[in-house]
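Report on the following structure.
Protein chains: 2
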Amino acid sequence: MSFKVVHKDKNSKARLGLLNTKRGIIQTPVFMPVGTQATVKAISPAALEEMGAEIILGNAYHLYLRPGTDLIKKADGLHKFMNWHAPILTDSGGYQVFSLSILRKVTDKGVKFQSHIDGSTHFIGPKECLEIQDILGSDICMVLDECAPYPCEYENAKIAMKRTLDWAKISAKVKLNSGNKVFGIVQGSTYQDLRQECAKELVNMDFDGYAIGGVSVGEPPELIYKTVEYTLPLLPDCKPKYIMGMGTPEDILESISFGADMFDCIIPTRYGRTANAFTSQGKLNLRNARFTQDLTPVDPECSCYLCKNFTRAYVRHLFYANEMLGPQLLSIHNVHFYINLIKQVRVAITANEFIEFKKSFLEKYKYSKKEK
Amino acid sequence: MSFKVVHKDKNSKARLGLLNTKRGIIQTPVFMPVGTQATVKAISPAALEEMGAEIILGNAYHLYLRPGTDLIKKADGLHKFMNWHAPILTDSGGYQVFSLSILRKVTDKGVKFQSHIDGSTHFIGPKECLEIQDILGSDICMVLDECAPYPCEYENAKIAMKRTLDWAKISAKVKLNSGNKVFGIVQGSTYQDLRQECAKELVNMDFDGYAIGGVSVGEPPELIYKTVEYTLPLLPDCKPKYIMGMGTPEDILESISFGADMFDCIIPTRYGRTANAFTSQGKLNLRNARFTQDLTPVDPECSCYLCKNFTRAYVRHLFYANEMLGPQLLSIHNVHFYINLIKQVRVAITANEFIEFKKSFLEKYKYSKKEK
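Below, the structure written as structure tokens:
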């Protein structure tokens, strides 16, 4: 069995699952730290293991361009190259092809583009994209998709969705090394009928799992939640459901209540590099003057390396002194916060208390935010 | 007994010692990683412990200006503030007062200067300087000195040396918290008679240990070695002898052969941040194209976290991708290399084989450098 739902919350659509990959079983819901360029920014693999990360992300577009698949193949795959031996999900890089590359030309066969690094010309189609991920040795590969921006005219959203489907059809037929899973991606911007059409077609292609792409790309939270809420039930419950690029703790909890299983986001590491800490009492900007003499832990309820050993005043000092240890410690803390939040979610679902947990977490998290 | 020489090499002046501080006994020779601003750059205290660091440096000038002694006092000292519980030696910051501050005015009483951070005006004399280090909770405090630049006219070097002596006299009388050691600093630039006069006067003041300052400030290696070689015997053998700001592996080995006990240097961390690795086979610049597909460890003879788990090609990739993990891992490796070199030195001295060890280390280290 590739994916198994082991428990359903009695009062919401939240669920516990087990996702079987060739490198071990992942518990869902799961938060996957983002390691775009063969490293989760500022965090060593040892620190990721220590905080209980079960699976991380890589990005096919980035790794294909640098350091290149030749080197990673020679290194016997991405896992060995970056010294991460648990599962890796690789994003196809569809989003990056559209957001980073220059002079791109999109056709039904794929995308011809120039590298954002050195201007060299490349072509990646749905087949090439999966082959790259196969060389990387990814445990879960994402199909190439076209992610519409927000806002997006209906006609343009429809063209991108149709292309995503065309590419998915090709993707579904690509032969990969045994054991690699392939997930399809639902596009359709904020248009319900487009999402419905896309989901229906993808489900017919029988992927190992399904992602919702093109959410959390700039639209207001209500619209994110609405899209996630009506799209998730279009996907089969016996498959893992992944919301790409999501999100804030609020977004993730909301989506779990609708039945989402997998999440990834750059927020915890990016915020960590800019002195912003996630805590049980809301977000804190540790550059703020009120932390100058604050000798309490960043989050008194947190058990990460930072919170067990250092203070808010110390972290603030590190950022003001431009010391790299500041971003390092706060990236560890923030990713630990996300992983620990999901651990608490799992306990709550097991006890059929997810709704209560979500309410009490958000009350504390949002109340304190207003207070400060 | 505050310091004890436990073994003397039979064929050189190299020696093994035990330096007793209030936070434990340090074996000498010792390399002290530099943690100027309450952090060894890019390395967590846990990683420092793991690599066997026994004592680290702090800097009174920097910490006085930022985060300030008020906060560190409130935090119950520098050790707690930065979560480092083994000994700390604090540099007086004499060097920084002269190299970093703006609009400084030096008198026999001390230095009036403007902060390099915010332009605020401050005064630090020899007494204030030790009081700052006392508040920091330093285990070994350095007296305020005037470090002459290189090159330096004889008359100017003499003035700086005389002032260093005047300040040392005041320093010797300052009452500190029990258990803090105070080291005197020999100045005199490259002039043997000035060094002699300075050392003689300082020894009369009976400090807990003696440092040679104003070496490794830009002069050629031969001149460094000459100064160190004639100055060390002017200091009492029953006291620890510390060469400030030294140096390359070659410098350190040479100075140990003359009887030096303690070293600190920013080189391993600074080089680590710029992709330069110290290895048993010489220095490597990992940005070099020849490492693009090099899947061997940075130093095959090294047992640090980097060398056990990652390759030269991976580190090169991290630097080209501007990933913070590159500087992090290479800083760990380089400091580990220095600490491990000193561990090997201790073993060699114990066996009365220091000269042989030095020769074979340098042959391999320098030969490979030429080869590449």
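First to last, the protein sequences are chains A and B. Note that the working numbering numbers the first sequence so that position 20 is 20, with each residue one more than the last. Note that the working numbering numbers the second sequence so that position 69 is 1069, with each residue one more than the last. In this text, a Cβ means the ideal position worked out from N, Cα and C, and glycines have one as well.
query = Residue range of the beta strand (DSSP E) that L57 (chain A) falls in?
reply = I56 to N59
inquiry  = Residues of the region 78–93 of chain A in Cβ contact with chain B at a cutoff of 8 Å, in chain order, please.
reply    = F81, M82 and N83
request  = Could you name the residues of chain A that M1032 (chain B) contacts, counting a contact when the two beta carbons are closer than 9 Å?
outcome  = Those do not exist, as M1032 (chain B) stays about 18 Å from chain A at its closest Cβ, beyond 9 Å.
key: Q96 (chain A) at chain B interface by Cβ criterion, 7 Å   = For Q96 (chain A), no CB of chain B lies under 7 Å from its own CB, so it is not counted at the interface with that chain.
key: Rounded separation between F319 (chain A) and A1086 (chain B) - CA only   = 24 Å
request  = Report the rounded CA-to-CA distance for M1262 (chain B) versus A1211 (chain B), giving the unit in angstroms.
outcome  = 9 Å
query = When you compare only the Cα positions, how much space is there between H317 (chain A) and S1101 (chain B)?
reply = 20 Å
message = Strictly under 7 Å for the Cβ-Cβ distance: is A160 (chain A) near chain B by that measure?
response = So, not an interface residue.
ask   = With burial defined as no fewer than 16 other Cβ atoms inside 10 Å of the residue's Cβ, what is the status of D134 (chain A): buried or exposed?
value = buried
ask   = What does Y1210 (chain B) pair with, by DSSP beta-bridge criteria?
value = B:G1184 and B:K1241
key: chain A contact residues for N1309 (chain B), given Cβ-Cβ distances below 7 Å   = What N1309 (chain B) touches in chain A, judged by beta-carbon distance under 7 Å, is N83, going in chain order.
inquiry  = Under 7 Å, CB to CB, which of the residues in the region 59–76 of chain A have a partner in chain E?
reply    = Note that chain E does not occur in the displayed structure, where the protein chains are A and B.
Three-state secondary structure assigned by DSSP to N276 (chain A) = Here N276 (chain A) sits in strand by DSSP.
inquiry  = Strictly below 8 Å CB to CB, what residues from chain A border S1044 (chain B)?
reply    = Y305, L325, Q328 and L329
inquiry  = Contact criterion: CB-CB distance below 7 Å. Does H317 (chain A) meet it with respect to chain B?
reply    = yes
request  = Below 8 Å on the Cβ atoms is my guess for W1084 (chain B) versus I1056 (chain B); work out the distance and round it to an integer in Å.
outcome  = Right, the Cβ-Cβ distance comes to about 6 Å (below 8 Å), so this counts as a contact.
ask   = Name the chain B residues whose beta carbon is nearer than 9 Å to that of T274 (chain A)?
value = Residues of chain B passing the Cβ test: none, with the nearest at roughly 13 Å.
ask   = Residue range of the beta strand (DSSP E) that K1112 (chain B) falls in?
value = G1110 to Q1114
message = Our contact map puts Y1365 (chain B) next to S1280 (chain B) with C-beta atoms below 8 Å; I'd like the distance itself, whole angstroms only.
response = Correct: roughly 7 Å between the Cβ atoms.
ask   = For N1352 (chain B), which beta-bridge partners are listed by DSSP?
value = N1352 (chain B) is not bridged to any residue.
Of the residues A:L223, A:M244, A:G214 and A:A260, the one placed nearest L232 (chain A), counting alpha carbons only = A:A260
query = Mind checking M1001 (chain B): buried by the 16 CB within 10 Å criterion, or exposed?
reply = Under a 10 Å Cβ-count criterion, M1001 (chain B) is classified as exposed, with fewer than 16 other Cβ atoms of the shown protein chains found around its own Cβ.
Identity of the residues DSSP links to D1264 (chain B) by a beta bridge = B:M1032
query = Relative to the C-alpha of P29 (chain A), which residue among A:F278, A:R287 and A:K241 is closest?
reply = A:K241
key: Under 7 Å from the C-beta of L295 (chain A): neighbouring residues of chain B   = K1074 and A1075
message = Here's the rule I'm using: 16 or more other beta-carbon atoms within 10 Å means buried, otherwise exposed. How should K1181 (chain B) be labelled?
response = buried
query = What distance in whole Å lies between the Cβ atoms of P1327 (chain B) and R1273 (chain B), which are believed to be in contact at a cut-off of 8 Å?
reply = The beta carbons of R1273 (chain B) and P1327 (chain B) sit about 4 Å from each other, so the pair counts as a contact at 8 Å.
message = Against Y1271 (chain B), what residues of chain A qualify as contacts under a CB-to-CB distance less than 9 Å, listed in chain order?
response = Under the 9 Å cutoff, chain A gives no residues; its nearest Cβ is about 15 Å from Y1271 (chain B).
request  = Pull up the DSSP beta-bridge partners for L100 (chain A), would you.
outcome  = L100 (chain A) pairs with nothing; no bridge assigned.
ask   = Using a Cβ cut-off of 8 Å, which residues of the region 1179–1208 of chain B contact any Cβ in chain A, in chain order?
value = none
key: Proximity below 7 Å, CB of N1309 (chain B) to CB of P1268 (chain B)   = no
inquiry  = Does the CB of E1371 (chain B) have a neighbour CB from chain A at under 7 Å?
reply    = Residue confidence for E1371 (chain B) is low, a pLDDT of 46 falling below 50, so the modelled location carries little weight; the figure read from the coordinates is stated next. No, its Cβ sits nowhere closer than 7 Å to a Cβ of chain A.
query = Along the chain, where does the beta strand (DSSP E) that runs through C944 (chain B) open and close?
reply = This structure gives no information on residue 944 (chain B), because the portion of chain B shown stretches from 1001 to 1372.
query = Where DSSP assigns a beta bridge to I26 (chain A), which residues make up the other side?
reply = A:L19
DSSP-derived helix/strand/coil call for V347 (chain A) = helix
task = Note down, in chain order, each residue of its chain lying with its Cβ closer than 6 Å to the Cβ of V174 (chain A), except the 5 sequence neighbours on either side.
result = Scanning its chain for C-beta atoms nearer than 6 Å, with the 5 sequence neighbours on each side dropped, one finds around V174 (chain A) the residues K127 and L130, in chain order.
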